[in-house]
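Enquirer: Once you've had a glance at the structure underneath, I'll fire off some questions.
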């Protein structure tokens, strides 16, 4: 064997070794860290979605709001999401899921700050502005975080990762409903000289802290995804790394299944959202519950769903037939 042949064989052996290193599967611990970061980043704003519900009586009485004004506060969050969520999907496609996730968490952070200022200054319009800005970021964040999950997980793990993310979201929602009013009572007794709106705005600052945590985690997630996304994408069988930018002209190409799923989501969440907004006051007027007991009652469904989300994420990943499980779960 001549020297040139030996050199070629040595190069082939080296190339095989280097390619095998690049195709080495992603460490499960990296995947777990990514899932935790994605879940907390996407779930942290859920602590703030109904942040004012446990404090409804305090805010309404001390800001001298009418019932209509309170309902406007609750619904103003949804106004940007009627149309903006469609554009947020296009934004994610055009500027990437990393930057869009950071952008949407910043919207949540700024919006929650304005909400606190509105309560602290007793200015209704600032409060509404905060809810509007927060609404732009919160639901759009779910779009970009979903893109993260699709890149990082496959098959049954994808369903389980969705379940875990939703479980963390429900956990933070539960913490808000169960502890916010109790935290308010604690601060009210400890700091006697402060006004009730000052104490209420201090409680709402916990939401600012969660949104800031989401911003920080989105930055960390950006770096992690930038470093490990090639490995994560290669781990997903049949993954397509090319992103197709969506245009409104493609709406006509969407399958009937898509529209049916969209309708299911609408009709599932419509009674859920309405129930959350008015139920604490309803429990107090109808059954004579205290504010704490009414909030605790409302938090029961969130507490149960923490475990059910993980269970159903695992089961649907293993068995499939997701629509069948939705049918029985929402009965």
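In my numbering, the protein residues as written are 14 to 344.
From the three backbone atoms N, C-alpha and C, an ideal C-beta is built for every residue, glycine too.
1. Which ranges would you report for the alpha helix (DSSP H) in the region 101-154 if only whole runs of at least 4 residues count?
2. Compute the Euclidean distance between the alpha carbons of residue 268 and residue 322, then round it to the nearest angstrom.
3. By alpha-carbon positions, which one of 150, 45 and 56 ends up nearest to residue 93?
4. Beta-carbon within less than 6 Å of residue 169's beta-carbon, same chain only, minus the 5 sequence neighbours each way: which residues are those?
5. What residue does the alpha helix (DSSP H) around residue 72 start on, and which one ends it?
6. Thinking just about the alpha-carbon of each residue, which of 75, 302, 177 and 309 is nearest to the one in residue 137?
7. With 16 as the cutoff for other CB atoms within 10 Å, does residue 165 come out buried or exposed?
8. Residue 220: buried (16+ other C-beta within 10 angstroms of its C-beta) or exposed?
9. Among 106, 42, 85 and 111, whose alpha-carbon lies nearest the alpha-carbon of residue 232?
10. Could you tell me the distance, in whole angstroms, from the CA atom of residue 199 to the CA atom of residue 310?
11. Rounded to a whole number of angstroms, what is the C-alpha to C-alpha distance between residue 252 and residue 50?
12. Should residue 35 go down as buried or exposed, given a rule of 16 or more other Cβ atoms within 10 Å for buried?
13. Measure from the alpha carbon of residue 143 to the alpha carbon of each residue in 324, 61 and 53, then state which is nearest.
14. Rounded to whole angstroms, what's the CA-CA distance from residue 235 to residue 53? Just pull it up for me.
15. For a quick check, are the C-beta atoms of residue 57 and residue 278 less than 8 Å apart?
16. Run the CB neighbour count on residue 271, radius 10 Å, all protein chains shown included, and call it buried at 16 or more, exposed below.
Expert: Checking against the coordinates, here is how it stands:
1. Entirely contained in the region 101-154, the alpha helix (DSSP H) runs reaching 4 residues are, in chain order, 110-134.
2. The residue you call residue 268 lines up with position 255 of the chain shown. The residue you call residue 322 lines up with position 309 of the chain shown. Approximately 27 Å, taken between the alpha carbons.
3. Here residue 93 corresponds to residue number 80 of the chain shown, with the count starting at 1. Selected option, being the one with the closest Cα: 150.
4. Locating residue 169 in the chain shown gives position 156, where the first residue counts as 1. Within the same chain, residue 169 has close Cβ partners 330 and 331.
5. On the chain shown, residue 72 is found 59 positions in, with the first residue counted as 1. Start and end: 69-75.
6. Locating residue 137 in the chain shown gives position 124, where the first residue counts as 1. Selection 75, 302, 177 and 309 evaluated against residue 137 yields 75 as nearest (Cα-Cα).
7. The residue labelled residue 165 in the question sits at position 152 within the chain shown. Under a 10 Å Cβ-count criterion, residue 165 is classified as buried, with 16 or more other Cβ atoms of the shown protein chains found around its own Cβ.
8. By one-based count along the chain shown, residue 220 stands at place 207. Buried, since its Cβ has 16 or more Cβ neighbours within 10 Å.
9. The residue labelled residue 232 in the question sits at position 219 within the chain shown. When each option's Cα is compared against that of residue 232, the closest is 111.
10. Counting from one through the chain shown, the residue named residue 199 turns up at place 186. Counting from one through the chain shown, the residue named residue 310 turns up at place 297. Going by C-alpha positions, residue 199 is about 20 Å away from residue 310.
11. Reading the chain shown from its first residue, position 239 is the one you call residue 252. Reading the chain shown from its first residue, position 37 is the one you call residue 50. Summary for residue 252: the model assigns pLDDT 45, below 50, so the residue's position carries little reliability, and this model does not support an answer.
12. Taking the chain shown and counting its residues from 1, the one referred to as residue 35 is at position 22. Its pLDDT being 45, under 50, residue 35 is placed unreliably by the model, and nothing is read from it.
13. Counting from one through the chain shown, the residue named residue 143 turns up at place 130. Looking from the CA of residue 143, the closest CA among 324, 61 and 53 belongs to 61.
14. Taking the chain shown and counting its residues from 1, one reaches residue 235 at position 222. Taking the chain shown and counting its residues from 1, one reaches residue 53 at position 40. Straight-line Cα distance between these residues: approximately 14 Å.
15. As a working mapping, residue 57 is identified with position 44 in the chain shown. As a working mapping, residue 278 is identified with position 265 in the chain shown. No Cβ-Cβ contact shorter than 8 Å links residue 57 with residue 278.
16. Along the chain shown, read from residue 1 onward, the residue named residue 271 stands at position 258. Exposed, since its Cβ has fewer than 16 Cβ neighbours within 10 Å.
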